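Going from the sequence shown to this note's numbering is simple: count from 1 and add 11.
Heads up, the beta-carbon is just placed ideally off N, CA and C, and yes, glycines get one too.
Bear in mind that the values here come from a model prediction, so they are computed numbers and not experimental data.
Let me begin by presenting the structure, written as structure tokens, before commenting on it.
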Amino acid sequence: MVRQRKAQGADVIKLFASASIREGGQQTMSDSQLVAACGEARALGLRTLVHAHSAAAVRAATMAGCTQVEHGIFVTQDVLSLMAARGTYFDPQCALVFRNYLDNRARYEGIGNYTDSGFAAMERALPLAAADIRMALATAGLKVVYGTDAVAGADGHNAEDLICRVERAGETPMHAIVAATSLNAEALGLGDRIGAIAPGGGLEADIIAVDGDPLRDITALRRVSFVMKAGRVVRDDGVMR
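Structure, rendered in structure tokens:
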């Protein structure tokens, strides 16, 4: 399957090592399946991102040599330390996607596992998210990147997860911004192209400006006033004039 996806043009393999949080989040791929998939991807030069909620699933993905683990809502300290030791990137979120589903329950209810028990599971997971991020940030050597989950039906709110990491999980603004820029670029295998501003470095000019100082007030990220993509200005509210 991995070879087939590579032939079809994939540059990353997404694996689901656990069930949805709405179904309990238990491990669904065997350890040997993960070893086979991650090993084949690595041999083909592909990154592997693994959806995993339970500590067992996160451990299995890490031991299999995956590139990055997504979510990890039930992760434990020993597993986080293992990830740090093995150089696995970790992408936890503040569960704002769960909040979106709960706030817009009528839109999703009855679709697949969006049931009474599924919504209850998301409600129980909400307080775990920020605690997971705090624990991850305190784990020496762990590369904690920035992601937002699928943001299904909540597009345009990506900054909120970053703000949450600072306000609820205790991350410093600079650390959070670095996670969302240069560390993310490194995790994507694109650190030589994007993610930083470096004179003479040959990096693509992907730049935003905001109204305010996000190092003092992280909510300034909500007030984007200038956007440059690959050197082309696509938004300018006059702040750069």
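_If I measure Cβ to Cβ from H62 and keep anything under 8 angstroms in the same chain, skipping five residues before and after, which residues do I get?_
Contacts found: K25, L26, F27, A28, S29, E81, H82.
*What whole-angstrom Cβ distance do L57 and D22 have, given they're in contact under 8 angstroms?*
About 6 angstroms separates the two Cβ atoms, so the contact holds.
*Roughly how far, in whole angstroms, is the beta-carbon of M133 from the beta-carbon of L107, given that I think they are within contact range, below 8 angstroms?*
Rounded, the Cβ-Cβ distance is 11 angstroms, inconsistent with contact.
*What whole-angstrom Cβ distance do S193 and G202 have, given they're in contact under 8 angstroms?*
So it is a contact: roughly 7 angstroms between Cβ atoms.
*Please report the residue range of the beta strand (DSSP E) in which R58 lies.*
Element bounds for R58: 58-65.
*How far does the beta strand (DSSP E) with I174 in it reach, from first residue to last?*
Element bounds for I174: not the beta strand (DSSP E) but the alpha helix (DSSP H), 169-178.
*Straight-line Cα distance separating D248 from G223*: Here the alpha carbon of G223 sits roughly 14 angstroms from the alpha carbon of D248.
*Looking only at C-alpha atoms, which of C49, F101, G123, G98 sits nearest to R33?*
It is G123 whose Cα lies nearest to the Cα of R33.
*Which residues mark the beginning and the end of the alpha helix (DSSP H) in which Q15 is found?*
Per DSSP, the unbroken alpha helix (DSSP H) holding Q15 starts and ends at 13-18.
_Tell me which residue opens and which closes the alpha helix (DSSP H) that M40 is part of._
Looking at the DSSP string, M40 is not in any alpha helix (DSSP H), and its letter there is neither H nor E.
_Let me make sure I understand the geometry here. Which of Q15, A220, D228 has the alpha-carbon closest to that of R246?_
Checked all of Q15, A220, D228; the closest Cα to R246 is A220.
*How about G181 and A216: are their beta carbons less than 7 angstroms apart?*
No, Cβ-Cβ distance for G181 and A216 is not below 7 angstroms.
*Counting Cβ pairs, one atom from each stretch, are 3 or more of them under 8 angstroms apart for the stretch 31-49 and the stretch 68-77?*
Verdict: yes, contact present.
*A147 and V156: beta carbons closer than 7 angstroms?*
Taking 7 angstroms as the Cβ cut-off, A147 and V156 do not qualify as a contacting pair.
*List in chain order: all unbroken alpha helix (DSSP H) runs of 4+ residues lying wholly within the stretch 98-138.*
Those alpha helix (DSSP H) runs which fall completely within the stretch 98-138 and span 4+ residues are 107-114, 116-119.
*Can you tell me whether DSSP reads E81 as helix, strand or coil?*
E81 falls in the strand class under three-state DSSP.
*Taking DSSP as the reference, what is the three-state secondary structure of L91?*
Residue state, collapsed to three classes: helix.
*Could you check if V13 is buried or exposed, using at least 16 other CB atoms within 10 Å of its CB as the buried criterion?*
Here V13 is buried. Its C-beta has 16 or more other C-beta atoms within 10 Å.
*Name the residue from A190, A136, Y119, L173 whose alpha carbon lies nearest to the alpha carbon of G36.*
Ranked by Cα distance from G36, the options A190, A136, Y119, L173 are led by A136.
*Per DSSP, what kind of secondary structure is D166 in: helix, strand or coil?*
If DSSP states are grouped into helix, strand and coil, D166 belongs with coil.
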